[in-house]
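>
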Amino acid sequence: MQMVVCVKQVPDTAEVRIDPRTNTLVRAGVPAIINPFDAHAVEAAVRLKEKYGGRVTALSMGPLQAEEVLRRALGMGADRAILLTDRAFAGSDTLATSYILARAIEALSRETPVDLVFCGKQAIDGDTAQVGPGIATRLGFTQLTYCMAIDAVDLEQGYIQVQRKLEGKREIIRGRLPALLTVVKDLNELSYLSLPALIRAALATITTWNKDNLDLDPAQIGLKGSPTSVRRIFAPPARPGGEIIPGEPRAAAATLVARLVQMKIIADK
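Taking this note's numbering, the leading residue of the sequence shown gets 286, the next gets one more, and so forth.
This is how it looks when you write it as structure tokens:
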């Protein structure tokens, strides 16, 4: 079984700052981490490899420093890591990003057909949840989103059965392979990274592909291939503190009722 996991390097949300002039994230000096949902996607793929056999390839698009998240994926048990990096990719929105990643997966499929693609349900810096479904649509793969459990994979019959997390319930669904799954944190607990695994990951070779390796249409990547743009980003104003009505409970309640009547929130009797 051949599996691909798409991972993204994101800024630690606890340290996010916005440049008011460019309306973009300030990444300089901000610690970067693997997108948390993507870490659970890697864990899921590695566990399936251990159960059914196969190979896991970690795939990321970004600058050279994104190698860090690929080494994290290798430390977790991925067999191969590929970084898609090119100045022409800069400014890509979710549409362009899904195009680039899909073309990379197609290239991998020409080597060995890909059975499963894993993505986190969304990236914590953009929160769009669009890239995974975009990849599935471009590849023509079965799309299974918000997966919280993987019940079975049958390569002979060519299907996968998962449980999808819905509001207040779960949905059990079976889909044909090849398939793309977007996963939530409920899917698994992350395994401990051993020191030998971390050393192997640190010494591993990261394959690098650029636009020429993927034969991409220049009109569909970067700013040219991105129909969406950010016009303005701002932090919401801090909420003012609530008013505290002092006094004995009955008197305070009477004051509150009078205030609500004055504000026309409730009607006067």
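Virtual Cβ for every residue (Gly too), placed ideally from N, Cα, C. Being a predicted model, the structure only gives us computed values, none of them experimental.
Decide if residue 456 is buried, meaning its Cβ has at least 16 other Cβ atoms within 10 Å, or exposed.
Exposed, by the Cβ-count rule.
> Under 8 Å by Cβ, that's how I've got residue 380 and residue 476 pegged, so tell me the actual separation to the nearest angstrom.
About 34 Å; that fails the 8 Å criterion.
> Could you check where the beta strand (DSSP E) with residue 401 kicks off and where it finishes?
Segment 401-405, the beta strand (DSSP E) holding residue 401.
> For residue 341, which three-state DSSP category applies?
The answer is strand: DSSP assigns residue 341 an E or B state.
> Alpha carbons only, please: which of 352, 376, 382 is nearest the one belonging to residue 368?
Selected option, being the one with the closest Cα: 352.
> Taking the alpha carbon of residue 382 as the reference point, which residue from 517, 417, 324, 443 has its own alpha carbon closest?
It is 417 whose Cα lies nearest to the Cα of residue 382.
> Rank 356, 316, 427, 288 by C-alpha distance to the C-alpha of residue 332 and give the top, closest one.
Measuring from the Cα of residue 332, the nearest candidate turns out to be 288.
> Among residues of its own chain, excluding the 5 on either side of residue 470, which ones have a beta-carbon nearer than 8 Å to its beta-carbon?
The residues are 321, 322, 325.
> Since residue 294 and residue 319 are thought to touch, with beta carbons under 8 Å apart, how far apart are those beta carbons, to the nearest angstrom?
About 7 Å; that satisfies the 8 Å criterion.
> Tell me the DSSP secondary structure of residue 456 in three-state form.
Note: residue 456 maps to strand in three-state DSSP.
> Report, in whole angstroms, the separation of the C-beta atoms of residue 385 and residue 506, which I expect to be a contact under 8 Å.
Residue 385 to residue 506, Cβ: 6 Å. Contact.
> Check whether the Cβ atoms of residue 330 and residue 290 lie closer than 8 Å to each other.
A contact, by the Cβ cut-off of 8 Å.
> Can you tell me where the alpha helix (DSSP H) holding residue 361 begins and where it ends?
From DSSP, the alpha helix (DSSP H) with residue 361 extends over 352-361.
> Which partner residues does residue 331 have in the DSSP bridge list?
In the DSSP output, where bridge partners are listed per residue, residue 331 has none listed.
> Would DSSP call residue 381 helix, strand or coil?
Residue 381: helix per DSSP, three-state reduction.
> With 16 other CB atoms within 10 Å as the buried threshold, where does residue 431 fall?
Classification of residue 431: buried, given that the 10 Å Cβ count is 16 or more.
> For chain D, find out if any of its Cβ atoms is closer than 8 Å to the Cβ of residue 490; answer yes or no.
Here chain D cannot be found, since the structure has a single protein chain.
> Around the Cβ of residue 407, are there at least 16 other Cβ atoms within 10 angstroms (buried) or fewer (exposed)?
Burial call: buried.
> Relative to the alpha-carbon of residue 453, which residue among 462, 440, 341, 433 has its alpha-carbon at the smallest distance?
When each option's Cα is compared against that of residue 453, the closest is 433.
> Could you please give the first and the last residue of the uninterrupted alpha helix (DSSP H) stretch that includes residue 524?
It is not in any alpha helix (DSSP H) - residue 524 carries neither H nor E in the DSSP assignment.
> Using a threshold of 8 Å, state whether the C-beta atoms of residue 561 and residue 429 are closer than that.
Only positions 286 to 554 of the chain appear in this structure, which leaves residue 561 out of reach.
> Round the Cβ separation of residue 445 and residue 465 to the nearest angstrom and send it over; I've been treating them as touching at under 8 Å.
About 10 Å separates the two Cβ atoms, so there is no contact after all.
> Residue 363 to residue 448, Cα distance in whole Å?
Straight-line Cα distance between these residues: approximately 24 Å.
> So, using beta-carbon positions, are residue 482 and residue 356 closer together than 8 Å?
In this structure, residue 356 does not lie closer than 8 Å to residue 482 by Cβ.
> Would a C-beta distance cut-off of 8 Å place residue 393 and residue 342 closer than the cut-off?
Their beta carbons are under 8 Å apart, which means residue 393 touches residue 342 by this criterion.
> Does the distance between the C-beta of residue 291 and the nearest non-hydrogen atom of the ligand COA fall short of 7 Å?
For the ligand COA, the structure offers nothing, since it holds no ligand at all.
> Can you give me the start and stop residues for the alpha helix (DSSP H) that residue 484 sits inside?
Per DSSP, residue 484 belongs to the alpha helix (DSSP H) from 480-488.
> Please state the DSSP three-state secondary structure of residue 413.
Reduced to three states, the DSSP call for residue 413 is coil.
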